[in-house]
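So for the sequence shown, this note's numbering puts the first residue at 6; every next one is plus one. Here the structure is laid out as structure tokens; the discussion comes afterwards.
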Amino acid sequence: MFTVLHLLSETNWHLALKILSYALVLLTFTGVVGTILLENRNPIKAMAYILLLVFLPIVGLVVYYYLGRDLRKRKRFTLKGSKDESLMLRYWENKRPEIEEMQVELRHLVASKQEISSMLLNTMHSLLTRNNRVKILLNGEQKFPAVMEALRGAQHHIHMEYYIFAVDSVGNAVIDILIERLQAGVEVRFIYDDLGCDHMGPVTKRLKEHGAEVYAFSPVLLDFYLNANYRNHRKIIVVDGKVAFTGGINMDERYLNNGNNEVFWRDTHLQLEGDVVNQLQLQFMMSYRYCSKKSLPFAAPYYHRAGFSGECFMDVVASGPDSQWPMAMQTIIMAVNVARRRIRISNPYFIPNEQLLTALQMAAQAGKDVELLLPKRGDSFFVQHAAQSFIKPMLDAGVKVYFYQKGFIHAKTMIIDDNLAVVGTVNLDNRSFYLNFEIAVIMYDRSVVKELNAAFENDLENAALMTRRTWKNRSIGEKFVDALCRLLTPLL
6 MFTVLHLLSE TNWHLALKIL SYALVLLTFT GVVGTILLEN RNPIKAMAYI LLLVFLPIVG
66 LVVYYYLGRD LRKRKRFTLK GSKDESLMLR YWENKRPEIE EMQVELRHLV ASKQEISSML
126 LNTMHSLLTR NNRVKILLNG EQKFPAVMEA LRGAQHHIHM EYYIFAVDSV GNAVIDILIE
186 RLQAGVEVRF IYDDLGCDHM GPVTKRLKEH GAEVYAFSPV LLDFYLNANY RNHRKIIVVD
246 GKVAFTGGIN MDERYLNNGN NEVFWRDTHL QLEGDVVNQL QLQFMMSYRY CSKKSLPFAA
306 PYYHRAGFSG ECFMDVVASG PDSQWPMAMQ TIIMAVNVAR RRIRISNPYF IPNEQLLTAL
366 QMAAQAGKDV ELLLPKRGDS FFVQHAAQSF IKPMLDAGVK VYFYQKGFIH AKTMIIDDNL
426 AVVGTVNLDN RSFYLNFEIA VIMYDRSVVK ELNAAFENDL ENAALMTRRT WKNRSIGEKF
486 VDALCRLLTP LL
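Structure, rendered in structure tokens:
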């Protein structure tokens, strides 16, 4: 002890502390950079993190810790080891011969577009279904009444999974219905994203008091951008295993264009019946098991076969940190690649990676009619300007770019030719492709496409077509801001 005290007294502590601090920072920096390199991630994204660490070391460490780590490799959300995984695999394999027969029929209807369904089957991300009905719901004016009517009719269970559930006139009306159904003996399970939802305390308390199961998905300690990765961006409702809803519309009164909101919100949602409901139920069950550590049976009354026959073929693609492959991205790119004549895309956040950017450019250069409908004014300064930096390469390739001017277009839709449509929660950015839990419905159906095309045409009446000359004549300042924000795209 005396020797240690003697050494301490003889040491220049200021210098020692400085050297120790430098050594720790250097070791931490080396470790983080080494981890980034060993992850074999996108080199552009890796370089963005490394440059941030070089020029702003402390900020870079914080940003990488909360936003950059790839937890997919840790299998944080994996289904492996769950007691019913083997049952799921058995169910999948038993269904495979039936699905393959249906895909032969689908091939005759939509030709090469059937390859999307094959990809989803072979990666175990979707089972093709045929006996389905779909109703397209435009904006909150159509969605909220349809949802509330279905909730009021629930007899056995209501399952809800939402990124944003606002405590406002719409949210409170839904909560009142849920409580009424709970009092009637209906099971209610409700999952909300803890970052996307604010002020949920009173809501969860009311629901739990009446017997509902309520879970926050990946709870966060601070209501801040920390833990912004791996969020549950899905919007799913399943009623009695027979009716389901999904799409871009959150449970929020701002989607209700009743004259009380400053901004007109344009969005698209789906009401579904038939065998496809089982696929949405399955995705909810996975989230439920992750949050509650409990399982529900893969049987009635949670799962049903359609009580009617139809020819509306559908797949459901779900992607997230638990996916081995970025399935939402791959589905979108494959849809672009199999298009023969026309591609119509509506999306609020257009920050494409190189794969999607190249696919769209090649489609336009091949003479296909490629149309992008984007918001003129977004809800994020950085995202809006980053998105604008991709407009020039789109216009140069011959893509038609429209800016929606009536308000904010939040619809996430894709229309391919006259027989394929995709509607869901997926934004065209890396966050949706790689980090968030997303879901979308693929519909191989002419009548659905016809209806979505009519909505797209109506939206174009409230949009302005950009030309190369108009875009080129923008101010140097605006172009500089676009270019500056584009540098952040690997991190957005």
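All C-beta atoms in this analysis are idealised placements derived from N, C-alpha and C, irrespective of residue type, glycine included.
query, result
"Contact belief for Leu400 with Met471 at Cβ below 8 Å, rounded distance in angstroms", "7 Å"
"Candidates Val191, Gly190, Ile182, Val225: closest to Val208 by CA position", "Ile182"
"From Val454, Ala469, Leu143, Ile163, residue whose alpha carbon lies closest to that of Tyr308", "Ile163"
"Pick from Leu378, Gln286, Ser292, Ser328 that is closest to Ile348, judged by C-alpha positions", "Leu378"
"Beta-carbon contacts of Ile447 that lie in its chain and below 6 Å, excluding the five residues immediately before and after", "Asp320, Val427"
"Backbone secondary structure at Ser452 - three-state DSSP", "helix"
"Option in Arg236, Glu166, Phe250 with minimal Cα separation from Met153", "Phe250"
"Phe222, buried or exposed, once every other Cβ within 10 Å from all chains shown has been counted against 16", "buried"
"Where Leu277 sits in the DSSP three-state scheme", "strand"
"Pro380 - containing alpha helix (DSSP H), residue span", "Per DSSP, Pro380 belongs to no alpha helix (DSSP H); it is in the beta strand (DSSP E), 374-380."
"DSSP beta-bridge partners of Ser351", "Leu378, Thr418"
"Cα-Cα separation between Val404 and Asp464, rounded to whole angstroms", "17 Å"
"Whole-angstrom distance between Arg451 and Asp423, CA atom to CA atom", "6 Å"
"Close-in-space but distant-in-sequence residues of the same chain around Asn283 (CB under 6 Å, 5 per side omitted)", "Tyr308"
"Closer than 8 Å to chain B by CB, Ile420", "No chain B is present in this structure, which holds just one protein chain."
"Separation of Arg186 from Ala155, as counted between CA atoms", "11 Å"
"Proximity below 8 Å, CB of Gln288 to CB of Val248", "no"
"N-terminal and C-terminal residue of the alpha helix (DSSP H) that Asp487 is part of", "481-491"
"Environment of His113 [buried if 16+ CB atoms lie within 10 Å]", "exposed"
"Straight-line gap, Leu440 to Asp199 (C-alpha atoms, nearest Å)", "16 Å"
"Distance CB(Leu457)-CB(Val115) smaller than 8 Å", "no"
"Reduced DSSP secondary structure (H/G/I, E/B, other) of Gly429", "strand"
"Expected contact under 8 Å - CB spacing of Leu285 and Val243 to nearest Å", "6 Å"
"Ala468 versus Ala364: straight-line alpha-carbon distance, rounded", "24 Å"
"Beta carbon of Ile499 nearer than 8 Å to that of Val388", "This structure does not reach residue 499, given that the chain is present from 6 up to 497, and the question cannot be answered."
"Other residues of its chain near Glu146: CB distance less than 7 Å, five sequence neighbours each side excluded", "Leu261, Asn262"
"Inter-residue Cα distance where the pair is Arg135 and Ser123", "15 Å"
"Unbroken stretches of the beta strand (DSSP E), 3 residues or longer, contained in the segment 196-237", "218-222"
"4-residue-minimum alpha helix (DSSP H) runs that sit fully inside the segment 103-130, ordered along the chain", "119-127"
"DSSP three-state assignment for Ile444, whether helix, strand or coil", "strand"
"Contact set for Val268: own chain, Cβ-Cβ below 7 Å, skip 5 residues either direction", "Gly412, Phe413"
"DSSP three-state assignment for Ile396, whether helix, strand or coil", "helix"
"Arg382 versus His415: straight-line alpha-carbon distance, rounded", "11 Å"
"Between the CA atoms of Asp374 and Val172 - distance to the nearest angstrom", "42 Å"
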